[in-house]
Amino acid sequence: METFVTSAGHIADTAVNTAGDQAGFQLTTRQGWRRFTADAPAPPTLLGTEAYEQLKPLQRQLYDEDRLDHHARLRVVATSAVRHTVTCGRRLVLLNKHAISARRGLIVSGPAGTGKTIAITQLGRAHELLDQARHPHATDRIPVLYITVPPAATSRMVAAEFARFLGLPVRRSSNITDITEAVVGVCTDTHTGLVLVDELHNISLTSRTGAEVADTLKYFSERIPATFIYAGIDIEHSDLLTGTRGQQIAGRFTLIPTTPFPYNAEWKGLVATLESTLLLHHHTPGTLTRLDRYLHDRTGGMIGALSHAVRGAAIDAILTGTEAITKQSLAAIPLDHCAQSLTHTNVKARQ
1437 METFVTSAGH IADTAVNTAG DQAGFQLTTR QGWRRFTADA PAPPTLLGTE
1487 AYEQLKPLQR QLYDEDRLDH HARLRVVATS AVRHTVTCGR RLVLLNKHAI
1537 SARRGLIVSG PAGTGKTIAI TQLGRAHELL DQARHPHATD RIPVLYITVP
1587 PAATSRMVAA EFARFLGLPV RRSSNITDIT EAVVGVCTDT HTGLVLVDEL
1637 HNISLTSRTG AEVADTLKYF SERIPATFIY AGIDIEHSDL LTGTRGQQIA
1687 GRFTLIPTTP FPYNAEWKGL VATLESTLLL HHHTPGTLTR LDRYLHDRTG
1737 GMIGALSHAV RGAAIDAILT GTEAITKQSL AAIPLDHCAQ SLTHTNVKAR
1787 Q
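Shown next, in the form of structure tokens:
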């Protein structure tokens, strides 16, 4: 169990029994974030046909479970949007390093399923690993903090999300000032340099509560000597960049748009990269690359839908024993409504 000393001088646990085990899979806790930034487990070795057939039932079941787990993992592909976000983010961290106030940040904005969360979490991972390399023996550093804005959030709820990541206790009697001061103290003491705030679209400046949430985030950005990175759905078309508060955000944050991929060389490369990760006994290499146009039409160019379709078809191939992905098996994977809507739009545009 890992601990750190808060600015108030008490010990805050980052994992407690079952709750800690569950937290280990959530990016919004320190334990889960560390698990995410650690090296991914090596993929299992794909056995030859003869070796696979000679496996005993239990051995085969365990081998298949390893492959199912492999395909269930989200394979991160370094798209142009991810690379651009990481480059811009690291530049801002350096520019903000000696800034006293008015630190600048990023807003990654676009439709659902276009890779916004992937982009900002990869930036966070790169920052965390760089910090670990520079301070290999430090145990009291929390270089990255990641939260998501809850639906219908209040300022206290957002402050509590900061505290939850840090492992700080939030009691019913704790008011927002208590929580805020504890968060700022720990972030300062543990050298937090990057704060990632996802699901920013859950804030609306048209309501008093939403305005208070925006003010709370602004207050944190002024008190914590870190670079703030926001991500949300179509932020540039929301009310978050309008009015007095919105102008303050727009004046300090650079907006990076994410969009569905056009059918081009990068899309073809994404499909080829995903195919190279498959561990199926009867899959013919090149099958997916020959279907890259179909996959683009089917997913609307959404990287999230593409990953879901390929990983889902791979899992089905193992469960059914076909051990191969075909156009028919890809078509059997239901996609999200947004991707399906874009599919109809793209098909009509080509007709």
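According to the working numbering, the residues represented by the sequence shown are 1437 to 1787, in order. Using N, Cα and C, we set each Cβ at its ideal position, and we do this for glycine too. What you are looking at is a predicted structure, and each value in this text was computed from that prediction instead of being measured.
> Can you tell me whether R1729 is buried or exposed, with buried defined as 16 or more other CB within 10 angstroms of its CB?
Replying inline: By 1-based counting over the sequence shown, the position of residue 1729 is 293. Under this definition R1729 is an exposed residue.
> Nearest-angstrom Cα distance between S1674 and G1748?
Replying inline: One-based indexing of the sequence shown puts residue 1674 at position 238. One-based indexing of the sequence shown puts residue 1748 at position 312. S1674 and G1748: Cα-Cα distance of roughly 33 Å.
> What residue ranges within the segment 1580-1631 form continuous beta strand (DSSP E) runs of no fewer than 3 residues, ordered along the chain?
Replying inline: If only uninterrupted beta strand (DSSP E) runs of at least 3 residues are considered, those enclosed by the segment 1580-1631 are 1580-1584.
> Can we say the segment 1569-1584 touches the segment 1681-1700, given the rule of at least three CB pairs closer than 8 Å?
Replying inline: Cβ pair count under 8 Å is below three, so no.
> From P1605 to H1563, what does the alpha carbon distance come to, in whole angstroms?
Replying inline: Residue 1605 sits at position 169 when you count from the first residue of the sequence shown. Residue 1563 sits at position 127 when you count from the first residue of the sequence shown. P1605 and H1563 have their alpha carbons spaced roughly 26 Å apart.
> By Cβ distance, which residues of its chain are closer than 8 Å to L1706, with the 5 residues on each side in sequence left out?
Replying inline: Position 270 of the sequence shown, counted from the first residue, corresponds to residue 1706. Non-local beta-carbon contacts of L1706 in its own chain, meaning distances under 8 Å to residues more than five positions away in sequence, involve V1513, T1515, F1697, I1739 and L1742 in chain order.
> Can you name the start and end residues of the beta strand (DSSP E) that T1663 belongs to?
Replying inline: The sequence position of residue 1663 within the sequence shown is 227, counting from 1. Counting along the chain, T1663 sits inside the beta strand (DSSP E) bounded by residues T1663 to I1669.
> What is the C-beta distance between Q1683 and K1654, in whole angstroms, given that I count them as a contact (C-beta under 8 Å)?
Replying inline: Taking the first residue of the sequence shown as 1, we reach residue 1683 at position 247. Taking the first residue of the sequence shown as 1, we reach residue 1654 at position 218. The pair is not a contact, with the Cβ atoms about 12 Å apart (cut-off 8 Å).
> What separation, rounded to the nearest whole angstrom, lies between the Cα atoms of P1493 and A1750?
Replying inline: As a first step, residue 1493 is located in the sequence shown; it is residue number 57 there, counting from the start. As a first step, residue 1750 is located in the sequence shown; it is residue number 314 there, counting from the start. One C-alpha to the other measures close to 21 Å.
> For D1634, is the classification buried or exposed, using 16 other Cβ atoms within 10 angstroms of its Cβ as the cut-off for buried?
Replying inline: Residue 1634 sits at position 198 when you count from the first residue of the sequence shown. With 16 or more other Cβ atoms from the protein chains shown falling within 10 Å of its own Cβ, D1634 counts as buried.
> Can you name the start and end residues of the beta strand (DSSP E) that T1690 belongs to?
Replying inline: As a position in the sequence shown, residue 1690 is number 254, starting the count at 1. From DSSP, the beta strand (DSSP E) with T1690 extends over F1689 to P1693.
>> At the level of alpha carbons, what is the spacing between T1713 and T1521?
In response: As a first step, residue 1713 is located in the sequence shown; it is residue number 277 there, counting from the start. As a first step, residue 1521 is located in the sequence shown; it is residue number 85 there, counting from the start. Cα atoms of T1713 and T1521: separation of roughly 24 Å, rounded to the nearest angstrom.
> Looking only at DSSP bridge pairs, what is D1634 linked to?
Replying inline: One-based indexing of the sequence shown puts residue 1634 at position 198. Residue pairing of D1634 in beta bridges, as defined by DSSP: T1584.
>> Only counting the same chain, and skipping five residues up and downstream in sequence, which positions put a Cβ closer than 7 Å to that of G1668?
In response: Locating residue 1668 in the sequence shown gives position 232, where the first residue counts as 1. In the same chain as G1668, and ignoring 5 residues on each side of it, the C-beta atoms closer than 7 Å to its own belong to S1545, E1635, L1636 and H1637, in chain order.
> By Cβ distance, which residues of its chain are closer than 7 Å to C1524, with the 5 residues on each side in sequence left out?
Replying inline: Locating residue 1524 in the sequence shown gives position 88, where the first residue counts as 1. Excluding sequence positions up to five before and after C1524, its CB lies within less than 7 Å of the CB of L1542, T1690 and I1692, all in the same chain and listed in chain order.
> Terminal residues of the continuous alpha helix (DSSP H) containing G1468?
Replying inline: On the sequence shown, residue 1468 is found 32 positions in, with the first residue counted as 1. Start and end: R1466 to T1473.
> Looking only at its own chain, which residues have a Cβ that is under 6 Å from the Cβ of E1597, when we skip the five neighbours before and after it?
Replying inline: Walking along the sequence shown from the start, residue 1597 turns up at place 161. Cβ neighbours of E1597 within its own chain (closer than 6 Å, five residues either side excluded): I1583.
> Whose C-beta lies closer than 8 Å to the C-beta of V1529 among residues of the same chain, with five residues either side of it excluded?
Replying inline: Residue 1529 sits at position 93 when you count from the first residue of the sequence shown. Excluding residues up to 5 positions away in sequence, H1563, G1629, L1630 and T1663 lie with their Cβ nearer than 8 Å to the Cβ of V1529 in the same chain.
> Buried or exposed: where does K1533 fall if 16 or more other Cβ atoms within 10 Å of its Cβ makes it buried?
Replying inline: Taking the first residue of the sequence shown as 1, we reach residue 1533 at position 97. If you draw a 10 Å sphere on the C-beta of K1533, you find fewer than 16 other C-beta atoms in it, and that means exposed.
> Roughly how many angstroms separate the alpha carbons of H1446 and S1610, rounded to a whole number?
Replying inline: Counting from 1 along the sequence shown, the entry for residue 1446 is found at position 10. Counting from 1 along the sequence shown, the entry for residue 1610 is found at position 174. Note that H1446 scores 36 on pLDDT, short of 50, meaning its location in the model is unreliable; the coordinates nonetheless yield the value given after this. Straight-line measurement puts the Cα of S1610 at about 16 Å from the Cα of H1446.
>> Going by beta-carbon coordinates alone, are P1480 and D1502 separated by less than 7 Å?
In response: Residue numbering aside, residue 1480 sits at position 44 when the sequence shown is read from its first letter. Residue numbering aside, residue 1502 sits at position 66 when the sequence shown is read from its first letter. Yes, the Cβ-Cβ distance between P1480 and D1502 is below 7 Å.
>> Spatial neighbours of I1754 within its chain, please: C-beta separation below 8 Å, excluding the five flanking residues on both sides.
In response: The residue given as residue 1754 occupies position 318 in the sequence shown. These residues qualify, in order along the chain: D1500, R1503, L1504, H1507 and L1716.
>> Using DSSP's beta-bridge definition, name the partner residues of S1545.
In response: Here residue 1545 corresponds to residue number 109 of the sequence shown, with the count starting at 1. Note: S1545 sits in a beta bridge opposite G1668 and P1693.
> Buried or exposed: which applies to L1771, given that a residue is buried once 16 or more other Cβ atoms fall within 10 Å of its Cβ?
Replying inline: Working through the sequence shown from its first residue, we reach residue 1771 at position 335. Looking at its Cβ environment, which holds 16 or more other Cβ atoms inside 10 Å, L1771 is buried.
> Helix or strand or just coil, what does DSSP make of T1481?
Replying inline: In the sequence shown, counting from the first residue as 1, residue 1481 sits at position 45. Shown here, T1481 sits in coil according to DSSP, grouped into three states, outside any helix or strand.
> Where does F1656 sit, in a helix, a strand or coil, going by DSSP?
Replying inline: Stepping through the sequence shown from its first residue, residue 1656 is reached at position 220. Reduced to three states, the DSSP call for F1656 is helix.
>> So, at 6 Å on beta carbons, what are the nonlocal neighbours of A1555 in its own chain, with the 5 sequence-adjacent residues on each side left out?
In response: Mapped onto the sequence shown, residue 1555 falls at position 119. Taken in chain order, the residues that qualify are A1517, V1518, T1521 and V1544.
> Among residues of its own chain, excluding the 5 on either side of Q1462, which ones have a beta-carbon nearer than 7 Å to its beta-carbon?
Replying inline: As a working mapping, residue 1462 is identified with position 26 in the sequence shown. Same-chain partners within the cutoff: G1468.
> G1560: buried (16+ other C-beta within 10 angstroms of its C-beta) or exposed?
Replying inline: Within the sequence shown, the letter at position 124 stands for residue 1560. When all chains shown are included, G1560 counts as buried.
>> Determine whether the beta carbon atoms of I1769 and A1745 lie at a separation below 7 Å.
In response: In the sequence shown, the residue the question calls residue 1769 occupies position 333. In the sequence shown, the residue the question calls residue 1745 occupies position 309. It is a contact, given that the beta carbons lie within the stated cut-off.
> Between which two residues does the alpha helix (DSSP H) harbouring I1769 extend?
Replying inline: As a working mapping, residue 1769 is identified with position 333 in the sequence shown. For I1769, there is no enclosing alpha helix (DSSP H), since its DSSP letter is neither H nor E.
> Should L1710 and K1763 be called a contact, given that it needs their Cβ atoms to be closer than 7 Å?
Replying inline: Counting from 1 along the sequence shown, the entry for residue 1710 is found at position 274. Counting from 1 along the sequence shown, the entry for residue 1763 is found at position 327. No, these two residues do not count as a Cβ contact at 7 Å.
>> With a threshold of 7 Å on Cβ separation, who are the neighbours of A1767 within its own chain once the five nearest residues in sequence on each side are excluded?
In response: Locating residue 1767 in the sequence shown gives position 331, where the first residue counts as 1. Nothing listed; no residue qualifies.
> Going along the chain, which unbroken runs of the alpha helix (DSSP H) with 4 or more residues stay wholly within the segment 1545-1576?
Replying inline: Listed in chain order, the complete alpha helix (DSSP H) runs (minimum 4 residues) inside the segment 1545-1576 are 1552-1570.
> Looking at the unbroken alpha helix (DSSP H) that takes in V1707, where does it start and where does it end?
Replying inline: Within the sequence shown, the letter at position 271 stands for residue 1707. Note, V1707: alpha helix (DSSP H), A1701 to S1712.
>> So for T1678, helix, strand or coil by DSSP?
In response: Stepping through the sequence shown from its first residue, residue 1678 is reached at position 242. For T1678, the secondary structure class from DSSP, reduced to helix, strand or coil, is coil.
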